[in-house]
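In UniProt numbering, the protein residues as written are 1 to 166. These notes are about the structure you will find just below.
Structure (structure tokens):
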């Protein structure tokens, strides 16, 4: 003989999750964010990106002025070429120092380049605190940069050197 029992009442998971979310949301405050390491890292990265955009604008601005002042017969292709050159010059800027690299090193893992002294000092500081080093390039997900990952970027150094001679 089979017993018939009422089925278990299943909780509404969606409502429970929503309630828990609202409860957690109400307990967080702005001061919590100021002490959150990930939030502060994200905020620093946004500041760095803003600096890079500003540097790009100021390096691009003279090109805009020259095209407005008397070079009216330039073709779209020439303007595009100038923009491409200006953009490529941005690759000469170290994401850490915001200055043109003198001794660039490339990360074998993610492919980004940095000024050698800046990245080595950064790795040393983090190592002393027993912390991993995130790639300082905005948007890069590489979270464990090691000194052994770095190789001299001779090609980039030659391009920078030739650009500086011009």
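All residues carry an ideal CB built from backbone N, CA and C; glycine is no exception.
Exercise for review: Go to residue 5, then tell me how far its beta strand (DSSP E) extends in each direction, as first and last residue.
Suggested key: Here residue 5 is taken as the residue at index 5 of the chain shown, counted from 1. Counting along the chain, residue 5 falls outside any beta strand (DSSP E), and DSSP gives it neither H nor E.
Point to revise | Beta-carbon contacts of residue 94 that lie in its chain and below 7 angstroms, excluding the five residues immediately before and after | key: As a position in the chain shown, residue 94 is number 94, starting the count at 1. Taking C-beta separations shorter than 7 angstroms and ignoring five residues to either side along the sequence, the partners of residue 94 in its chain run 101, 114, 115, 118, following chain order.
Practice item. Tell me, please, whether the stretch 150-164 touches the stretch 132-139 by the rule of three or more beta-carbon pairs shorter than 8 angstroms. Key: Cβ pair count under 8 angstroms is below three, so no.
Point to revise | Beta-carbon proximity of residue 156 to residue 107, cut-off 9 angstroms | key: For the purposes of this step, residue 156 is identified with residue 156 of the chain shown, where counting begins at 1. For the purposes of this step, residue 107 is identified with residue 107 of the chain shown, where counting begins at 1. No, the pair does not count as a contact, with Cβ atoms beyond the cut-off.
Check your understanding: Leaving out five residues before and five after residue 140 in sequence, what residues of the same chain have Cβ atoms less than 8 angstroms from its Cβ?
Key -> What you label residue 140 is simply residue 140 of the chain shown in a count that begins at 1. Taken in chain order, the residues that qualify are 110, 112, 134.
Review point. So, helix, strand or coil for residue 83, using DSSP?
Key: Residue 83 sits at position 83 when you count from the first residue of the chain shown. Bear in mind that a pLDDT of 47 at residue 83, under 50, signals an unreliable position, so the number given afterwards is only what the model happens to contain. Looking at residue 83 - three-state DSSP - the assignment turns out to be helix.
Practice item. Measure the CB-CB distance between residue 125 and residue 48 and report whether it falls below 9 angstroms. Key: Stepping through the chain shown from its first residue, residue 125 is reached at position 125. Stepping through the chain shown from its first residue, residue 48 is reached at position 48. No; because the gap between Cβ atoms is not below 9 angstroms, this pair is not in contact.
**Study point:** Pairwise C-alpha distance: residue 163 and residue 146
**Key:** Residue 146 sits at position 146 when you count from the first residue of the chain shown. Residue 163 sits at position 163 when you count from the first residue of the chain shown. Residue 146 and residue 163 have their C-alpha atoms spaced approximately 30 angstroms apart.
Check your understanding: How about residue 25: is its Cβ closer than 8 angstroms to a heavy atom in the ligand PLP?
Key -> Absence of the ligand PLP from the depicted structure is noted, as is the absence of any ligand whatsoever, leaving it without description.
Practice item. Closer than 7 angstroms by C-beta to residue 105: which residues in its own chain qualify, once you throw out the five before and the five after it? Chain order, please. Key: Reading the chain shown from its first residue, position 105 is the one you call residue 105. Once the five neighbours on either side are set aside, the close Cβ partners of residue 105 are 113, 114, 116, 119, 150, 151, 152, 153.
Point to revise | residue 120 in three-state terms, based on DSSP | key: Counting from 1 along the chain shown, the entry for residue 120 is found at position 120. Of the three classes helix, strand and coil, the one that applies to residue 120 here is helix, per DSSP.
**Study point:** Host beta strand (DSSP E) of residue 107 (start-end)
**Key:** Numbered from 1 along the chain shown, position 107 holds the residue referred to as residue 107. It spans 104-107 - the beta strand (DSSP E) in which residue 107 sits, taken as one unbroken run.
Review point. Going by the CB atoms, is the gap between residue 96 and residue 122 shorter than 9 angstroms?
Key: Counting from 1 along the chain shown, the entry for residue 122 is found at position 122. Counting from 1 along the chain shown, the entry for residue 96 is found at position 96. Residue 96 sits close to residue 122, with the two beta carbons spaced by under 9 angstroms.
Exercise for review: Give me whichever residues DSSP pairs with residue 150 in a beta bridge.
Suggested key: By one-based count along the chain shown, residue 150 stands at place 150. For residue 150, which the question treats as bridged, DSSP gives the partners 107.
Exercise for review: State the DSSP-derived secondary structure class of residue 18, mapped to helix, strand or coil.
Suggested key: Position 18 of the chain shown, counting from 1, holds the residue named residue 18. In the structure shown, residue 18 adopts helical secondary structure according to DSSP, grouped into three states.
Practice item. Rank 103, 144, 128, 129 by C-alpha distance to the C-alpha of residue 161 and give the top, closest one. Key: The residue given as residue 161 occupies position 161 in the chain shown. Selection 103, 144, 128, 129 evaluated against residue 161 yields 103 as nearest (Cα-Cα).
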